[in-house]
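Following: one structure in structure tokens, then a few remarks.
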Amino acid sequence: MQMETVRFTQNDLAKYPFLKETAAHMKKLNLKIEELANPEMEQILNRAEERVKSAILSVSVGKKRENYVEIPSFPVAIMLAIATKNSFIKKRYALAEAKQAFSDMRFETRERIMAIALDFDWNLAPNRSSEIPFEFALNFADYLRNTVHLRDTEWKLVNRILVNGKVYLNQHDVARLLQEEVQSRIERRLEATELPSFPEKITEMAERLIDLAKDRIGQEEMEGFPKAVSQSAFPPCIVALHEAVSKGHHLSHVGRFTLTSFLVSIGMPSEKVAELFKSFSDYNERLTRYQIEHIAGERGSRTRYTPPNCATLQTHGVCVNSNDGSCRGARNPLVYYKRKLKR
Amino acid sequence: MTVSSRDFVYEKFSDFYSDPSTVIPSPSLLGQRELGFLLFKERIMLRHKVFARISNLKLFLGEAVPSDVYRSCAYYENPAAEMDKKGWLGADLVFDIDADHIPTSCSKIHDEWTCANSECGFSGKGITPETCPICGGRKFDTKTWPCDLCLESAKNETAKLIDMLEKDFGFSAKEMSVFFSGHRGYHVHVENEAVKTLDAMARKEIVDYVFGLGLTISGGTAKGKSRRRGASRDFSLHDFGWNKRLKLGLQNFLLTATKEDLANAGIKGKSAAVLGNKELILKRCVEEGRWGSVKGVGVGTWKKLAEYVKDLESAKIDTVVTTDTHRLIRMNGTLHGKTGLKKVEFPLSNLKDFDPFKEAVAFKEGAVKVFVSDAPEFRLSGNVFGPYKRKTVELPTAAAILLICKGRAEVAS
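Line by line, the protein sequences are chains A and B. For the first sequence, our numbering begins at 789 and goes up steadily by one. For the second sequence, our numbering begins at 7 and goes up steadily by one.
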């Protein structure tokens, strides 16, 4: 049984500008990119800039305006973020919009939550079982798609009420999962590879935003790892794998992959990684080099692999479950490494 | 394996695939799957093959005579392309339950290992040690055996898995298929639209659910976040999902628990309190949910029991298989190169009575004389054979092939 779908109002579209319906509404307005430089567009442009700026400064999107400004400012802000060509700004902006949506959705009516979920093609229903004290029932596949990035153990499927394919949730949790969905939808829109030629005004704004981000966040944080390899910053799982390899002990497939992808990711050259495996009784130089180069993205698909996340390493028995404080809050061995290096 | 033994097995496999009465059931959307073949003589893997029709595949099998036939769980736009150009469209959700991953009492009797160090060669029976007691080497050649007990334990794990897939994940009997793998275990395949496009991370969560990994058992010394949120220090279980499984598990465990069982669960000092009040505990605590109502049986005891029962109730699957969205898995109806038995599908409802040593037998005719180095007693097609030690015997084809493929016998010259 489907619940009656509610129609979104203009207020809804302003509040949830990422909906498909908002996009349809915008199409009707027929806003042209060249027109953005016109003075009557100034309000919209300023609001758009504020959205991205607040995202960089405080992971928020600033105060809402009148609907006629608010609604079109969203696609303009998207364009602005694209124009920065800066992945940090894009990520941060998507997160800020998603967080704003979350705080609005927490107190939204149940009908509107259902309608928003439907916009993302979720299989969500109001809970009809009087025995289970939750308001919503969500298909577990939709649940899993949106919880993979949530690290808290309470989000693990095993800690949820799962009955007959449905995960039972309260509104707070549904809103939190929709936040993930909103974020990835916006991130997809920001991935646009074909860039239009932006009016000068937009390019200038984008430049200012990049400067702001550099100033605020720091160059290093935005760019990633320093080049020198520091063994003292290895997380416990890597230390264990590294020791085992040095002693010529056998490693599981997942173990080998984890160690190799970790070392390659922190900038160790392939030849040096290959040397590590020399003491193995089944060592085959050509094959080992081939595999390492594959992981390093120097061959084949050119994908550079990163080590599996901590949760995956736990599943496959590679995590050593140490009491090392730096492990707490790290979801990937690389996060640990990066954090330790900073100290 | 000697050349004449290999030729014998090859010839029998060839007969099997060329026989018009051999039926290889087609998996769904065969044309979108990658096929792989392990070749008998060359011992190499042919990959990235595609067959539009099962009849074409059957013809190919008759000509190429592979020792093992695999097909992808995944669907691709272009299954014949290189891995990164295949265009992944989705994958079935598959589970592999193998006796190798389940501790059993019998493996001590029929499994053998030999140190791979050619200068050492020390060997022993039972579970393979971490290091060779003589030379300290870490590589071993192992000989395992698909025995009744092993397969029975794999079957129990399969039953637990299917129960979760049905009741918790809500898959219908129509969406699930269960197979004997042809060697030491069972496969469960799920074909469901919502699950098809789940990535490795999402599948990992399913694995953790089935394994009970990361399950938080409430009560006790709640630390950090959960305490701040005002989590109760009391032990409690509700009636849904894993909590329900723990509750039923506790009930079953307590009904028959002995002092030794409790010791295994880590309960020593309190075992008298548990054993002396068994009925009271079952009624007041487990049934009525008043977990703290029996003196001497507190939060600590309940947590230990629940942790132990979690292990009993979880299904021991091979975690790597389920999370791999490109996995090649043995094709239904084809022969297993390590046994000469077929991978066979059977109805879910038949799990309890299914007899792999009967239903999976592919070779029903003929006999051959073999020299058996060492084999435990085994059952095949309703007959009992062995045990044999350094003995020449005439055996039915299926039994001879099983022993040869497992490295326990050679064709007698």
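Note that CB positions come from ideal geometry on N, CA and C, so glycine has one too.
Among the options, nearest to residue i - alpha-carbon criterion
i	options	result
B/Y81	B/D174, B/S124 and B/E199	B/E199
A/L932	B/L67, B/V213 and B/D169	B/V213
B/W151	B/E416, B/R190, B/E163 and B/K395	B/R190
A/T810	A/E822, A/R795, A/A869 and A/T1091	A/R795
B/F186	B/W94, B/F352 and B/K274	B/F352
A/S1049	A/A1028, A/F986, A/T897 and A/A1084	A/A1084
B/L45	B/S32, B/D25 and B/Y76	B/Y76
B/V390	B/V303, B/G413, B/T398 and B/A381	B/A381
B/K349	B/S10, B/I30 and B/V9	B/I30
B/T134	B/I103, B/E118, B/I140 and B/L354	B/E118
A/T895	A/H960, A/A905, A/Y956 and A/N855	One point to set straight first is that residue 895 of chain A is Phe, not Thr, in the sequence displayed. Nearest C-alpha to A/F895: A/H960.
A/E1063	A/S1040, A/V1033 and A/H1038	A/V1033
A/E982	A/M867, A/K1060, A/L1075 and A/E995	A/M867
B/S73	B/F360, B/K344, B/S299 and B/R144	B/K344
B/Q257	B/L95, B/C138, B/L318 and B/S34	B/L318
B/G339	B/L354, B/T331, B/F369 and B/S320	B/F369
B/K301	B/A312, B/K309, B/G282 and B/E293	B/G282
B/K309	B/K253, B/E158, B/K284 and B/R59	B/K253
DSSP-derived helix/strand/coil call for residue i
i	result
B/N389	strand
B/W151	coil
B/G37	helix
A/C1115	helix
B/A406	helix
A/F862	helix
A/H1104	coil
B/P72	strand
A/A925	strand
B/C138	coil
B/H342	coil
A/M993	helix
B/D102	strand
A/Y956	strand
B/A87	coil
B/K18	helix
B/V280	helix
B/K397	strand
B/Y81	strand
A/G1055	coil
B/A321	coil
B/S10	helix
B/C112	coil
A/R964	helix
Residue i: contacting residues in chain B (beta-carbon distance under 9 Å)
i	result
A/K944	E211, D214, Y215, L219, G220, L221 and T222
A/T1100	A206, M207, K210 and T329
Contacts that residue i makes with chain A (C-beta to C-beta distance below 8 Å)
i	result
B/M337	The contacting residues do not exist; B/M337 stays about 23 Å from chain A at best.
Chain-ordered neighbours of residue i on chain B, where CB pairs are closer than 7 Å
i	result
A/H1104	T325 and V326
A/I949	F246 and G247
A/T1094	Ordered by position in chain B, no residue passes the 7 Å Cβ test against A/T1094, which lies about 13 Å from the chain.
A/T941	G220 and T222
7 Å Cβ cut-off: residues of chain A touching residue i
i	result
B/M207	V936
Chain D contact for residue i (CB, 9 Å cutoff)
i	result
B/V201	Absence of chain D from the displayed structure is noted, the protein chains being A and B.
Neighbour list for residue i in chain B, Cβ cutoff strictly below 8 Å
i	result
A/G1113	Residues of chain B passing the Cβ test: none, with the nearest at roughly 12 Å.
A/T872	Residues of chain B passing the Cβ test: none, with the nearest at roughly 29 Å.
Residues that residue i contacts on chain A, provided the C-beta gap is smaller than 9 Å
i	result
B/L204	A929, L932 and R933
Quick one, which residues of the segment 69 to 81 of chain B are near chain A if we go by CB-CB under 9 Å, in chain order?
none
What residues in the segment 161 to 183 of chain B have a beta carbon less than 8 Å from any beta carbon of chain A?
K173, D174, F175, G176 and F177
Name, going along the chain, the residues of the segment 85 to 108 of chain B whose beta-carbon falls closer than 9 Å to a beta-carbon of chain A.
E88, M89, D90 and K91
May I have a chain-ordered list of the beta strand (DSSP E) segments no shorter than 3 residues that lie completely inside the segment 165 to 245 of chain B?
182 to 186 and 191 to 196
Between the segment 905 to 937 of chain A and chain B, which residues of the former have CB atoms less than 8 Å from a CB of the latter, in chain order?
N911, E919, I920, N927, F928, A929, D930, L932, R933, T935 and V936
Of all the residues that make up the segment 239 to 272 of chain B, which are near chain A by a beta-carbon distance shorter than 7 Å?
F246, G247 and W248
Which residues of the segment 946 to 978 of chain A have a Cβ closer than 8 Å to any Cβ of chain B? Give them in chain order.
V946, N947, R948, I949, L950, V951, N952, G953, K954 and Y956
Write down every uninterrupted run of the alpha helix (DSSP H) in the segment 329 to 384 of chain B whose length is 4 residues or greater and which is fully enclosed by it, in chain order.
362 to 365
Pick out the complete alpha helix (DSSP H) segments inside the segment 820 to 869 of chain A, 4 residues or longer, and give them in chain order.
830 to 846
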